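Take a look at the structure set out below.
Protein chains: 2
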Amino acid sequence: MEREVNHDERFVKKLTPKSMDFSKWYVELIRKAELADYAPIKGMMVIRPYGYAVWENIQSLLDKRIKQTGHSNAYFPLFIPESLLQKEIEHLEGFSPEVAWVTHGGREELEERLAVRPTSEAIICQMYSKWINSWRDLPVLINQWANIVRWEKATRLFLRTTEFLWQEGHTAHETYEEAQKETLMILSLYKEFVETELAIPVISGKKTEREKFAGALDTYAIEALMSDGRALQMGTSHNLGQHFSKVFNIKFEDRNQDLQYVWQTSWGVTTRLIGALIMSHGDDSGLKFPPRVAPIQVIIIPISIGDWKENVLPVVKNIKSILDQAGMRVKIDEREEFTPGWKFSEWEMKGVPLRVEIGPRDIKKNQALLVRRDTMKKETFHLDSLKEKVPEILEEIQGNLLDEALKFQMENTNGTQNYEEFKAIIESKKGFIKAFWCGSEACEEKIKEETMASIRVVVLKEEEYKPVGKCAFCEKKSEDLVYFARAY
Amino acid sequence: MEREVNHDERFVKKLTPKSMDFSKWYVELIRKAELADYAPIKGMMVIRPYGYAVWENIQSLLDKRIKQTGHSNAYFPLFIPESLLQKEIEHLEGFSPEVAWVTHGGREELEERLAVRPTSEAIICQMYSKWINSWRDLPVLINQWANIVRWEKATRLFLRTTEFLWQEGHTAHETYEEAQKETLMILSLYKEFVETELAIPVISGKKTEREKFAGALDTYAIEALMSDGRALQMGTSHNLGQHFSKVFNIKFEDRNQDLQYVWQTSWGVTTRLIGALIMSHGDDSGLKFPPRVAPIQVIIIPISIGDWKENVLPVVKNIKSILDQAGMRVKIDEREEFTPGWKFSEWEMKGVPLRVEIGPRDIKKNQALLVRRDTMKKETFHLDSLKEKVPEILEEIQGNLLDEALKFQMENTNGTQNYEEFKAIIESKKGFIKAFWCGSEACEEKIKEETMASIRVVVLKEEEYKPVGKCAFCEKKSEDLVYFARAY
Numbered sequence: 009m010e011r012e013v014n015h016d017e018r019f020v021k022k023l024t025p026k027s028m029d030f031s032k033w034y035v036e037l038i039r040k041a042e043l044a045d046y047a048p049i050k051g052m053m054v055i056r057p058y059g060y061a062v063w064e065n066i067q068s069l070l071d072k073r074i075k076q077t078g079h080s081n082a083y084f085p086l087f088i089p090e091s092l093l094q095k096e097i098e099h100l101e102g103f104s105p106e107v108a109w110v111t112h113g114g115r116e117e118l119e120e121r122l123a124v125r126p127t128s129e130a131i132i133c134q135m136y137s138k139w140i141n142s143w144r145d146l147p148v149l150i151n152q153w154a155n156i157v158r159w160e161k162a163t164r165l166f167l168r169t170t171e172f173l174w175q176e177g178h179t180a181h182e183t184y185e186e187a188q189k190e191t192l193m194i195l196s197l198y199k200e201f202v203e204t205e206l207a208i209p210v211i212s213g214k215k216t217e218r219e220k221f222a223g224a225l226d227t228y229a230i231e232a233l234m235s236d237g238r239a240l241q242m243g244t245s246h247n248l249g250q251h252f253s254k255v256f257n258i259k260f261e262d263r264n265q266d267l268q269y270v271w272q273t274s275w276g277v278t279t280r281l282i283g284a285l286i287m288s289h290g291d292d293s294g295l296k297f298p299p300r301v302a303p304i305q306v307i308i309i310p311i312s313i314g315d316w317k318e319n320v321l322p323v324v325k326n327i328k329s330i331l332d333q334a335g336m337r338v339k340i341d342e343r344e345e346f347t348p349g350w351k352f353s354e355w356e357m358k359g360v361p362l363r364v365e366i367g368p369r370d371i372k373k374n375q376a377l378l379v380r381r382d383t384m385k386k387e388t389f390h391l392d393s394l395k396e397k398v399p400e401i402l403e404e405i406q407g408n409l410l411d412e413a414l415k416f417q418m419e420n421t422n423g424t425q426n427y428e429e430f431k432a433i434i435e436s437k438k439g440f441i442k443a444f445w446c447g448s449e450a451c452e453e454k455i456k457e458e459t460m461a462s463i464r465v466v467v468l469k470e471e472e473y474k475p476v477g478k479c480a481f482c483e484k485k486s487e488d489l490v491y492f493a494r495a496y
Numbered sequence: 009m010e011r012e013v014n015h016d017e018r019f020v021k022k023l024t025p026k027s028m029d030f031s032k033w034y035v036e037l038i039r040k041a042e043l044a045d046y047a048p049i050k051g052m053m054v055i056r057p058y059g060y061a062v063w064e065n066i067q068s069l070l071d072k073r074i075k076q077t078g079h080s081n082a083y084f085p086l087f088i089p090e091s092l093l094q095k096e097i098e099h100l101e102g103f104s105p106e107v108a109w110v111t112h113g114g115r116e117e118l119e120e121r122l123a124v125r126p127t128s129e130a131i132i133c134q135m136y137s138k139w140i141n142s143w144r145d146l147p148v149l150i151n152q153w154a155n156i157v158r159w160e161k162a163t164r165l166f167l168r169t170t171e172f173l174w175q176e177g178h179t180a181h182e183t184y185e186e187a188q189k190e191t192l193m194i195l196s197l198y199k200e201f202v203e204t205e206l207a208i209p210v211i212s213g214k215k216t217e218r219e220k221f222a223g224a225l226d227t228y229a230i231e232a233l234m235s236d237g238r239a240l241q242m243g244t245s246h247n248l249g250q251h252f253s254k255v256f257n258i259k260f261e262d263r264n265q266d267l268q269y270v271w272q273t274s275w276g277v278t279t280r281l282i283g284a285l286i287m288s289h290g291d292d293s294g295l296k297f298p299p300r301v302a303p304i305q306v307i308i309i310p311i312s313i314g315d316w317k318e319n320v321l322p323v324v325k326n327i328k329s330i331l332d333q334a335g336m337r338v339k340i341d342e343r344e345e346f347t348p349g350w351k352f353s354e355w356e357m358k359g360v361p362l363r364v365e366i367g368p369r370d371i372k373k374n375q376a377l378l379v380r381r382d383t384m385k386k387e388t389f390h391l392d393s394l395k396e397k398v399p400e401i402l403e404e405i406q407g408n409l410l411d412e413a414l415k416f417q418m419e420n421t422n423g424t425q426n427y428e429e430f431k432a433i434i435e436s437k438k439g440f441i442k443a444f445w446c447g448s449e450a451c452e453e454k455i456k457e458e459t460m461a462s463i464r465v466v467v468l469k470e471e472e473y474k475p476v477g478k479c480a481f482c483e484k485k486s487e488d489l490v491y492f493a494r495a496y
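Just so you know, the protein sequences line up as chains F and Y, in that order. Each residue of the first sequence is one higher than the last, beginning at 9 in our numbering. Each residue of the second sequence is one higher than the last, beginning at 9 in our numbering.
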């Protein structure tokens, strides 16, 4: 039986089950699947080729959307002089505990300390004040792909690391309305991107004052539920108002020849999205990558028995080349030092969406066995049909992963207007709690203190639907519907 | 006459002619064309969208080649602990004068200083020593796209900046021969890339001991002649030997089960290539981008007279969409605040390879005027033929720019075996001097001291052709043919 797996040799036997210890499962999986590794600097990681390929796919799919909506990429300096960072007070206070400082260049001490960018508003605003003079220069729609450093106390691979990679959009507009439109357009672009490409459903809305970005007028976010029931912030879009333009003196002559300060936005997503992919879709056997961002979409495993090198390998190579040409990311595992069973479980752990097995007997029948990673369903197909079947199945897997995650999110979202019930839900089931909130920071903090649940987003009000209810904590009449959760 | 340019309004009139002051021309052009700007940190620059688009094109064309030759991208930390950087002594001595040091994280002083990477050998070797155990783990073929910081004393936009962007390949192999093969393969990959895509002819060869990378066994480089007659190093490929594997203890069990140190290479090109594009192809009217890396390949300028908005603009938009679909990068300049003449000279300055002018009279004749940036030749074509003609002309421009640069390089490369003549050539004509060199560091340094010309590369010896001559300085019999030049 060529497809019999010897369970003693299963690669994944050493993987801690997700249900037993989620955190341990998460870190073990990242390291065993070679997505990332710890670096010899506190809180820093190395993104290994298999993990970086996911980031490259994310970059390419998101960059296309960023450009299609009129933005261009640019590159601003890594270092920000301390005096620039100090200009916007709230911003400084929000970031200064996290800043890494450069104090020496070569053998000399610097006259002024340089912050390694914890975000680029300050340096970008400084440049915008030089570049923007007239309404004709607006809007400025710039994005940057860059590395960021924040001196975090508690770190976790991909989710919170001292250095991470991100994109940061920074735009300048003539009016508040235009900036607000941009902020919300990016919010829905992020939502569509994450749901379509990462197969992760998200909720979106506004952050409370307590949770907003240091220096923003309003912060909007998309949030997803990880499969342990905790929420993860997936991306943020800020309407910066004129906070920065006033301190950085970014003025323009408007259409009436009056001098005005520009209205700004900024927005970003980070390598944390890779952590979200792992925690949303992974299971006890390992990763489960959505095909659109999977580094390898199809792994072909020739069953290495008998004269496989003469009879199976050439067929397998031909199939790979057909699938390659159709634009799929395909790999053949022809290593001889491992059994097929070992390879099956290794590629399952690495989350490849679809496995193609072909042995000598299959060759005779002109067929291949296709095994889906998401459902583990196996089906035999004629070799000639693979060019059509494989992309079809990949699309099915993409859709199924989103459906599964959406089902999980719905099953783990509970509504309540009763605080005792609220506490019981958080303790027993975690997940999102949809509840009313009176808008007071006191209620928000009390709930956080007592349940460790924070307000993830305030649901945006629609014209037609304006619900009213009781604040989950103080029971006052409230018009703000919010999502609470324990979060990463 | 709709195409009459009013010379008083020419945008470029403010550009210092290249022949008058090359350095001034270079910096003015970069800033006027909005490729880059100075940042408020000594020696740092901002790469603006128009300049960054060139880098994105370079990245995409080079990344494809790097992947096709079996390499994968990864990402290593920005910071390197001082103790790691100290491990390889030559390497440390080469880089420590240029290192920016992080001494504080948040509000605390760090126990150990962290170098902002001046190159990543040290941190990568540290990781390789964990990842590599057996010959089965080899070769390791990893590349990284990253930002680099070197505290340079004298800086110049794109050519030498405190921070720059680059790619750095880092590979590990079983044998010296394999590492050497990789080193030379990358050298020729760089040569082919720069000549094909940037239309800049290069010479290639080995660096002398004096000029090689700190910590390498041998350094190879490609070098180009800028249009002021000075040489620019365009890329380097290093055979690192076992220098790093011995100090970082990167051992593997070989095919005979013996423990061996790996053999390594590293190689890179930087944002300096953008400087090379400017200095190789630019003229008194501005930039001249080769089509393959031009941010905008075709600028369409509707001649804004009469009822152009009703009659010309719809046709122009249709042409753009046809060219877009054929994969070209096309922009319409429909600004109303500028005259066509202003626009012509602005886009000439910005180096767009091909301009398409269409006015109301052209519409009646179903034609457009095409103006090449390289030759300034104008020709009228039928609108229906543009889909075929435009890519043809772009290819011609690409080829012509390479031919022109090659002609310049040949005209500015002189051979001599006489030191008086050597000095005369360097003083009067600059360019490359092809000469023999005895191999002694004393001769090399004397020449450098007296003429400011350094050895750019030692020509690689071929099996068939082994020239012998007299050292340009000491006149001893020499077998090394080298290129000298004054260099950036």
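No residue lacks a Cβ here, since even glycine has one placed at the ideal position from N, Cα and C. It should be emphasised that the depicted structure is a prediction, and the values quoted were computed from it without experimental measurement.
In this structure, does DSSP put residue i in helix, strand or coil?
i, result
"residue 151 of chain Y", "strand"
"residue 483 of chain F", "coil"
"residue 218 of chain F", "helix"
"residue 7 of chain Y", "In this structure chain Y extends from 9 to 496, so residue 7 of chain Y is not present and cannot be described."
"residue 241 of chain F", "strand"
"residue 271 of chain F", "strand"
"residue 507 of chain Y", "Absent from the model: residue 507 of chain Y. The displayed extent of chain Y is 9 to 496, so no value can be given."
"residue 460 of chain Y", "coil"
"residue 15 of chain F", "Confidence at residue 15 of chain F is low in this model, with a pLDDT of 45, below 50, so the placement of that residue should be treated as unreliable; the coordinate-derived value is given next. The answer is helix: DSSP assigns residue 15 of chain F an H, G or I state."
"residue 52 of chain Y", "coil"
"residue 432 of chain F", "helix"
"residue 159 of chain Y", "coil"
"residue 47 of chain F", "coil"
"residue 345 of chain F", "coil"
"residue 339 of chain F", "strand"
"residue 473 of chain Y", "coil"
"residue 131 of chain Y", "helix"
"residue 467 of chain Y", "coil"
"residue 250 of chain Y", "coil"
Per DSSP, which one or two residues make a beta bridge with residue i?
i, result
"residue 377 of chain Y", "Y/365 and Y/388"
Below 6 Å CB to CB, which residues in the same chain sit around residue i once its five sequence neighbours on both sides are set aside?
i, result
"residue 370 of chain Y", "376"
"residue 74 of chain F", "151"
"residue 71 of chain F", "none"
"residue 471 of chain Y", "none"
"residue 77 of chain Y", "none"
"residue 340 of chain Y", "308, 324 and 328"
Please return the same chain residues whose Cβ sits closer than 7 Å to the Cβ of residue i, not counting the five positions on each side in sequence.
i, result
"residue 259 of chain F", "267, 268 and 269"
"residue 295 of chain F", "37, 41, 286, 357, 358 and 359"
Looking only at its own chain, which residues have a Cβ that is under 8 Å from the Cβ of residue i, when we skip the five neighbours before and after it?
i, result
"residue 311 of chain Y", "10, 11, 320, 348, 365, 366, 367, 368 and 370"
"residue 362 of chain F", "299, 305, 306, 307, 378, 379, 380, 381, 398, 401, 402 and 405"
"residue 142 of chain Y", "260 and 261"
Report back the beta-carbon spacing between residue i and residue j to the nearest angstrom; my notes put them in contact at under 8 Å.
i, j, result
"residue 170 of chain F", "residue 153 of chain F", "Their Cβ separation, rounded to whole angstroms, is 19 Å, which puts residue 170 of chain F and residue 153 of chain F out of contact at 8 Å."
"residue 274 of chain F", "residue 176 of chain F", "6 Å"
"residue 84 of chain Y", "residue 137 of chain Y", "At roughly 13 Å, the Cβ-Cβ gap does not stay under 8 Å, so residue 84 of chain Y and residue 137 of chain Y are not in contact."
"residue 229 of chain F", "residue 212 of chain F", "7 Å"
"residue 421 of chain Y", "residue 430 of chain Y", "With 8 Å as the limit, residue 421 of chain Y and residue 430 of chain Y do not qualify as a contact, their Cβ atoms being about 13 Å apart."
What I want to know is whether the C-beta of residue i ends up closer than 7 Å to one or more non-hydrogen atoms of the ligand ZN.
i, result
"residue 202 of chain F", "Of the ligands one can find in the structure shown there are none, so the ligand ZN has no counterpart to examine."
Practice prompt. Let me know the beta strand (DSSP E) ranges lying completely inside the stretch 271–323 of chain Y, each 3 residues or longer, listed in chain order.
Written response: 271–278 and 306–310
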